[in-house]
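Comments concern the structure below.
Residue numbers (the working numbering), protein chains in the order written: chain A, 1 to 259; chain B, 1001 to 1048.
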């Protein structure tokens, strides 16, 4: 007989599985979207970590905060300079809190996902791509609200020869629409691929080290490589959150100033 | 892949966007002005 228990292989995708921890049930309304799942648990953890970073570190509002607050000031300066450089003009401060929120959320979620046996929030393409589509929609609405029909001049690069205009408009429109997906896909697939790579390589090395004493000793070589990949994943987590913000800022600049 | 069941889509979107809205309010109302006040007070002490 085919026995499922004996042939069960742990899939590398298991780590992204959403499980219900606490369920709300009502015979009148469907409350399943408010269930406490692994995803919602980790959103709450991200919120708590960010709250702690900004409330417990202020040293009772003294001029010099604790060392943790200095790290937050460094992040503040980095993102502020980036937004100022990208958007510029008088109104960059209007968009700064939003971009800072994106950065902190993705940054903390990516770093939390690097804890072994935890959960990667930003690898869930459903949420991340919805977020990027909403940013794209908001940008488009902002551009149309500010410039009216002139907004569509964004699709014609300046200095284009007239015969090339129809072709370029099609290409530019396509690339503008593709931004809605590509922003989220870039982050989601990077985190997803990184976590899959780590678990697959670590699983292989673990099985390899279990064979005999020689492989146990020799297995430290691939283990060192996995360590290097883990460091790379930390870097990817931080860089991708910055890339998300820089792209959001440059898309905002396109919508606000049209080139 | 159970994460592709539509029930979880709604759960993810509800909690994800609730988190984003909460964070946006917290940052724009409390945390970023707090850092700005800190910078301004340092500026007043040292340069003005």
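Each residue gets a CB set at the ideal place from its N, CA and C atoms; glycine is no exception.
If you pair each beta-carbon of the segment 1008-1023 of chain B with each one of the segment 43-58 of chain A, do three or more pairs fall below 8 Å?
-> A contact exists between the segment 1008-1023 of chain B and the segment 43-58 of chain A.
Can you tell which of A:194, A:247 and A:251 has its C-alpha closest to the C-alpha of residue 227 (chain A)?
-> Here residue 227 (chain A) refers to the residue found at position 227 when the first chain is read from its first residue. Considering only alpha carbons, the answer is A:194.
Enumerate in chain order the residues of its own chain whose CB-to-CB distance from residue 92 (chain A) is below 6 Å, with the five nearest sequence positions on each side excluded.
-> For the purposes of this step, residue 92 (chain A) is identified with residue 92 of the first chain, where counting begins at 1. For residue 92 (chain A), where only same-chain residues beyond five positions count, the Cβ hits under 6 Å are 83 and 84.
Put residue 215 (chain A) into one of helix, strand or coil per three-state DSSP.
-> The residue labelled residue 215 (chain A) in the question sits at position 215 within the first chain. Annotated three-state conformation of residue 215 (chain A) is helix, per DSSP.
Could you tell me which residues DSSP puts in a beta bridge with residue 22 (chain A)?
-> What you label residue 22 (chain A) is simply residue 22 of the first chain in a count that begins at 1. Bridge partners of residue 22 (chain A) according to DSSP: A:36.
Could you work out which residues of chain C lie near residue 100 (chain A), taking near to mean beta carbons separated by less than 7 Å?
-> Looking for chain C here will not work: the only protein chains present are A and B.
Sub-8 Å separation of residue 70 (chain A) and residue 38 (chain A) beta-carbons | The residue you call residue 70 (chain A) lines up with position 70 of the first chain. The residue you call residue 38 (chain A) lines up with position 38 of the first chain. No, they are not a contact pair.
Distance, residue 251 (chain A) Cα to residue 1009 (chain B) Cα | Residue numbering aside, residue 1009 (chain B) sits at position 9 when the second chain is read from its first letter. Residue numbering aside, residue 251 (chain A) sits at position 251 when the first chain is read from its first letter. Cα to Cα, residue 1009 (chain B) sits roughly 27 Å from residue 251 (chain A).
What alpha helix (DSSP H) runs, 4 residues minimum, are completely inside the segment 149-215 of chain A?
-> The segment 149-215 of chain A contains these whole alpha helix (DSSP H) runs: 165-209.
Determine, using beta carbons only, whether residue 126 (chain A) comes closer than 8 Å to chain B.
-> Your numbering for residue 126 (chain A) matches position 126 in the first chain. Using a CB distance cut-off of 8 Å, residue 126 (chain A) counts as an interface residue toward chain B.
If we cut at 8 Å on Cβ distances, does residue 1023 (chain B) have a partner in chain A?
-> For the purposes of this step, residue 1023 (chain B) is taken as residue 23 along the second chain, with counting starting at 1. Yes, its Cβ sits closer than 8 Å to a Cβ of chain A.
With DSSP collapsed to three states, give me the class of residue 224 (chain A).
-> As a working note, residue 224 (chain A) is residue 224 in the first chain. The three-state reading of DSSP puts residue 224 (chain A) in helix, counting H, G and I together.
Nearest chain B C-beta to residue 35 (chain A) closer than 8 Å, yes or no?
-> Against the first chain, residue 35 (chain A) aligns to sequence position 35. Yes - at least one Cβ of chain B is within 8 Å of the one on residue 35 (chain A).
Residue-chain proximity (residue 1009 (chain B), chain A), Cβ-Cβ < 8 Å | In the second chain, the residue the question calls residue 1009 (chain B) occupies position 9. For residue 1009 (chain B), the answer is yes, since a Cβ of chain A falls inside 8 Å of its Cβ.
Return the first residue and the last residue of the alpha helix (DSSP H) that residue 74 (chain A) is part of.
-> Against the first chain, residue 74 (chain A) aligns to sequence position 74. Following the DSSP letters along the chain, one finds residue 74 (chain A) inside the alpha helix (DSSP H) bounded by residues 67-86.
Any Cβ of chain B within less than 8 Å of the Cβ of residue 10 (chain A)?
-> Looking up residue 10 (chain A) in the first chain gives position 10. Interface with chain B (8 Å Cβ-Cβ cutoff): residue 10 (chain A) is excluded.
So is residue 1015 (chain B) in contact with chain A if we call contact Cβ pairs under 8 Å?
-> Within the second chain, the letter at position 15 stands for residue 1015 (chain B). So yes, residue 1015 (chain B) belongs to the interface.
At a Cβ threshold of 8 Å, is residue 1019 (chain B) touching chain A?
-> Within the second chain, residue 1019 (chain B) is the residue found at index 19, counting from 1. Closer than 8 Å: yes.
Any residues in the segment 78-102 of chain A with a beta carbon nearer than 9 Å to a beta carbon of chain B? Which ones, in chain order?
-> Those residues of the segment 78-102 of chain A that come within reach of chain B (Cβ to Cβ, closer than 9 Å) are 96, 97, 98, 100, 101 and 102.
Residue-level contact to chain B via CB, residue 40 (chain A), 8 Å cutoff = Residue numbering aside, residue 40 (chain A) sits at position 40 when the first chain is read from its first letter. Chain B, which has a Cβ nearer than 8 Å to the Cβ of residue 40 (chain A), makes this yes.
Given that residue 130 (chain A) touches chain B, what residues does it touch there, using C-beta distances under 7 Å?
-> Your numbering for residue 130 (chain A) matches position 130 in the first chain. Within 7 Å Cβ-Cβ: 1013.
Skipping 5 residues on each side, what residues in its chain have a beta carbon closer than 7 Å to that of residue 24 (chain A)?
-> In the first chain, residue 24 (chain A) corresponds to position 24, counting from 1. Scanning its chain for C-beta atoms nearer than 7 Å, with the 5 sequence neighbours on each side dropped, one finds around residue 24 (chain A) the residues 31, 34 and 35, in chain order.
For residue 251 (chain A), does the three-state DSSP call read helix, strand or coil?
-> Numbered from its first residue, the first chain carries residue 251 (chain A) at position 251. Residue 251 (chain A) falls in the helix class under three-state DSSP.
Please name the residue, chosen from A:122, A:11 and A:217, that lies closest to residue 108 (chain A) on a Cα-to-Cα basis.
-> Counting from one through the first chain, the residue named residue 108 (chain A) turns up at place 108. The option with the nearest alpha carbon to residue 108 (chain A) is A:122.
Integer-rounded CB distance, given that residue 179 (chain A) should sit under 8 Å from residue 243 (chain A) | Position 243 of the first chain holds residue 243 (chain A). Position 179 of the first chain holds residue 179 (chain A). With a Cβ gap of about 13 Å, residue 243 (chain A) and residue 179 (chain A) do not count as contacting.
If we ignore side chains and look at the alpha-carbon of each, how far apart do residue 1047 (chain B) and residue 1040 (chain B) end up?
-> For the purposes of this step, residue 1047 (chain B) is identified with residue 47 of the second chain, where counting begins at 1. For the purposes of this step, residue 1040 (chain B) is identified with residue 40 of the second chain, where counting begins at 1. Rounded to whole angstroms, the gap between the alpha carbons of residue 1047 (chain B) and residue 1040 (chain B) is 10 Å.
Check whether the Cβ of residue 2 (chain A) lies closer than 8 Å to any Cβ atom in chain B.
-> Reading the first chain from its first residue, position 2 is the one you call residue 2 (chain A). Unreliable placement is indicated for residue 2 (chain A), whose pLDDT of 48 sits below 50; the coordinate value is still reported in the next sentence. Answer no: the Cβ-Cβ gap between residue 2 (chain A) and chain B never drops below 8 Å.
Do the CB positions of residue 160 (chain A) and residue 168 (chain A) come within less than 8 Å of each other?
-> Position 160 of the first chain, counted from the start, is the residue given in the question as residue 160 (chain A). Position 168 of the first chain, counted from the start, is the residue given in the question as residue 168 (chain A). Cβ atoms of residue 160 (chain A) and residue 168 (chain A): closer than 8 Å.
Against chain B: residues of the segment 104-126 of chain A by CB proximity under 9 Å = The residues in question are 104, 105, 121, 124 and 126.
Backbone secondary structure at residue 242 (chain A) - three-state DSSP | Position 242 of the first chain holds residue 242 (chain A). Of the three classes helix, strand and coil, the one that applies to residue 242 (chain A) here is helix, per DSSP.
Residue 120 (chain A) - containing alpha helix (DSSP H), residue span | What you label residue 120 (chain A) is simply residue 120 of the first chain in a count that begins at 1. Per DSSP, residue 120 (chain A) lies in no alpha helix (DSSP H) and is assigned neither H nor E.
Taking residue 138 (chain A) as the reference, which of A:239, A:163, A:95 and A:175 has the closest Cα?
-> On the first chain, position 138 is the one that residue 138 (chain A) refers to. The shortest C-alpha separation from residue 138 (chain A) is found at A:95.
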